[in-house]
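Those protein sequence lines, which keep their order, are chains A and B.
Per our numbering, the first sequence starts with residue 447, numbered consecutively.
Per our numbering, the second sequence starts with residue 530, numbered consecutively.
Don't be surprised by glycine CBs; every beta carbon is placed ideally from N, CA and C.
Data block below; observations after.
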Amino acid sequence: MAGMSTEQLVAFVRQIFPRLDQLSYYDLLGVPSGSDQAAVRTAFYRLAADLHPDRHHTLADRALREQLEMIYARLCEGYQVLTKPDKRAAYERALNQGKKRLTTTDRDSRALQNPEDSIKHPEARKFFRLGMISLGRKDWKGAVMSFNFARSYEPSSALIAQKLSEAQAALGKPGGAGSTPPKTP
Amino acid sequence: MAVVGIDLGTTNSVVATVRDGQVVVVPNSQEGYLHPSVVSFSPDGLKYFSVDAVARRILDPKNTVYSGKRLIGLPFRSEEVQKAIGRLPYELREGNNEQAVFIGPDRTYTIPEISGLLLGYLRQCAEMFLSDSVSAAVITVPANFNDSQRRATVDAGRIAGLDVLRVLNEPTAAALAYGLGQNMSQRIAVYDFGGGTFDVTILQVENDVFEVLATGGDTFLGGDDMDSALLNILAELFNAEHGIDPRTDQAARSRLLIAAEQVKRHLSDFPEARGDLKNIAVGSSGEPLALRFQIARSVFETAIRGLVSRTIQTCQDVLTSAQLAPSQIDEVIMVGGTTRVPMVRAEVEKYFGRPPRTDLNPDEVVAWGAAIQAENLANAGESLPSRAVLLDVTPRALGIAVTGGFAERIIDRNAPVPVEQTRIFSTSADNQTSVRIQVCQGESRRFEENVPLGELELADLQPARRGEVSIEVTFKVDTNGILRVRARDGVTGAVREAAVNVRGAMSDSEVEEAAERQRYEEASNLPEVPQE
């Protein structure tokens, strides 16, 4: 393989990047939809030899380099999906629904942990929440007060202790002690 | 300005570079090419490195750090660190951010600082040998090193004043050194049996593109275990002759262990080893006790058969996970000093049905590959004879904790890197003010059964009913296998990025400070001229 010249690379990125979300994995890899795993791999390897970020990490044009990396990451994604039978089957279904990319973003969203769950006492929780709101408003004095109340209800909570010390540290900083809470509308 | 490849090993390290199109290995200050991975601190403030520090493992075991690779990037309370502590004579404690820190005579040292000292020494060795400054390096790591271990290795390089061009997987480096896969498609098994660890990796290579298909290993299995097996044989002989078990005395044990290692090396080349060890222990009336011995290779082989079988079992497991049979492997590459043991070679040949490649020095082959890749990266964009591209994968699945104690996967195991994936999550309580995003690696559905990597918090959420707040979590793994996590509050539309607080890692500012300190110390301690 001769390898790509910088001009060819620039032309490639200009052509592909604006259309990245409209291209299927097959389009990107340049293989027909019935291709077997070996054909997908050969196509990916050929592209990787030219497009791998290691080849271009010295490119001066940073924006171009970032666009190239996004194209390359999408190629990796396509390679992975098309060479894993279960993922490929899921991708075929997605393609039929007009999607070009197999993503998990549209699945039922799950709930993240609430840090407050570790606090058991309801009053401690209430003051902790007030303290967090004060922290958000940069009202360090109010936060220290609320966290101190919270701690009086549940002295064993590591989370309350941690937030209290954060608020105390902010209060102790130059400019922190004298600052007044911003007015809320 | 030169670039180097560094195989930063558990027991020994090797530094190599490409000069005039040829790989050259940087010699140590004695006669070899292996730089023992040892740093020793003396109470008067001096530091000893590598070959100059080895003897201090016996003289001053409390202040002599080795096997740092077993500890790097792991939290103090992790199973691996706790297991290593049981075997190490120097003292480790828990420091900032759950890090394991070494208690030195003057102050505490984090593990990346210790490795950074060693890397700084290796850089200086290379600079003296090449008569050139060395500013950048490719450093190799085991294929199964996780995100935090890779990150900590990069930190160690930064502390040593090195621009780490790439963290490269050791088996990939070995395959690169052999120059395989040019103009053909091959499947390669890299069998790496070192001093303290064993691993095996299956690579697919085609037209200079290298892809890791599967990897596995045993982090507590190596040539050291063979030394221990021989130590037991010698101790039994001694006990039979003198009625004293030398293993109960630390000094006697150390002497026998050194002898055991020499016997092992001898038995790789000869069918029998004989010796006369003087002053092993002291008898009841103060007389020195010696041991005259004669050990046949077959006796040694009986003692290590179980160890070798474990490596073959691991090969079997890794091939199974890649859905391959031993006959589907086109080449087997031997890496690590322990592959010099004839029984190891024989068993590997028997299992794969073909003689393994041993034409490159198994101790140096990883550093060779690292040097080649360092040269490739330093000259990216130019036409080079070797245009190898290394396709690495994530060694473990990566995910985050969700309610109910579950782990939600964001990036799959063995996903080619770079990779970026986004998932959308919500809150679990009304008016929740913040969310905690705990990051883990592993394949289990239960969060606690995976390895926690770190966490970040997204605060200042707008008051809303539970489930109404959407939070986008984006995982991005770069070509070094290093993870970056971004959390975005989907309600306010405000992009808030937060750095993951990696458990057991140094903070950026700590790394900068350590790098500054090491620069200063190096500048004020110019290498001494050896005195006759």
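- If you draw a straight line from the Cα of Ile940(B) to the Cα of Ser1036(B), it is about 25 Å long.
- According to DSSP, residue pairing for Arg883(B) in a beta bridge does not occur.
- Judged by DSSP in its simplified three-state form, His564(B) adopts strand.
- Counting C-beta atoms within 10 angstroms of its own C-beta, Phe799(B) has fewer than 16 neighbours from the protein chains shown and is therefore classed as exposed.
- By the beta-carbon neighbour count (other beta carbons within 10 angstroms, threshold 16), Lys609(A) is buried.
- By the criterion of a C-beta distance shorter than 6 Å, Thr669(B) is surrounded in its chain by Asp536, Leu697, Glu699, Ala702, Val895, Ala899, once the five residues flanking it on both sides are discounted.
- Closer than 7 Å to the CB of Thr923(B) there is not a single CB belonging to chain A.
- Taking 7 Å as the cut-off, the Cβ atoms of Leu985(B) and Ile1011(B) do not count as close.
- The beta carbon of Leu576(A) lies closer than 6 Å to those of Ser592 in the same chain, with the five residues before and after it left out.
- Here Gln991(B) is not near Leu982(B), since their CB atoms are 7 Å or more apart.
- Put simply, the backbone Cα of Ile1000(B) is about 38 Å away from that of Asp482(A).
- Listed as beta-bridge partners of Pro572(B) by DSSP are no residues whatsoever.
- Boundaries of the beta strand (DSSP E) around Asn808(B): 801-811.
- Here the alpha carbon of Gly602(B) sits roughly 8 Å from the alpha carbon of Ile640(B).
- For the set Phe595(A), Phe573(A), Ala557(A), the Cα lying nearest the Cα of Arg994(B) is the one of Ala557(A).
- Asp585(A) carries a coil assignment under DSSP once its states are collapsed to helix, strand and coil.
- Around the beta-carbon of Met657(B), fewer than 16 other beta-carbon atoms lie within 10 Å, marking it exposed.
- In this structure, the alpha-carbon of Leu541(A) lies about 34 Å from that of Val964(B).
- For Arg606(B), no alpha helix (DSSP H) encloses it, and the DSSP letter there is neither H nor E.
- Take Tyr599(A), set aside five residues on each side of it, and the residues of its chain with a beta-carbon closer than 8 Å to its own are His567, Glu569, Ala570, Phe573, in chain order.
- Under the 7 Å criterion on CB atoms, Met591(A) is classed as non-interfacial with respect to chain B.
- Not a single C-beta of chain B is nearer than 7 Å to the C-beta of Gly577(A).
- For Gly633(B), no chain A residue has a C-beta closer than 8 Å to its own C-beta; the minimum C-beta separation is roughly 29 Å.
- In this chain, the alpha helix (DSSP H) harbouring Gln779(B) covers 779-798.
- With respect to Ile858(B), Phe822(B) sits apart: the two C-beta atoms are not nearer than 7 Å.
- Taking 7 Å as the CB threshold, Gln608(A) stays off the interface with chain B.
- At a beta-carbon threshold of 8 Å, the residues of chain A lying near Leu906(B) are Asp500, His503, ordered along the chain.
- For Asn594(A), not one C-beta of chain B is nearer than 7 Å to its own C-beta.
- Under the three-state reduction of DSSP output, Thr682(B) falls in the helix class.
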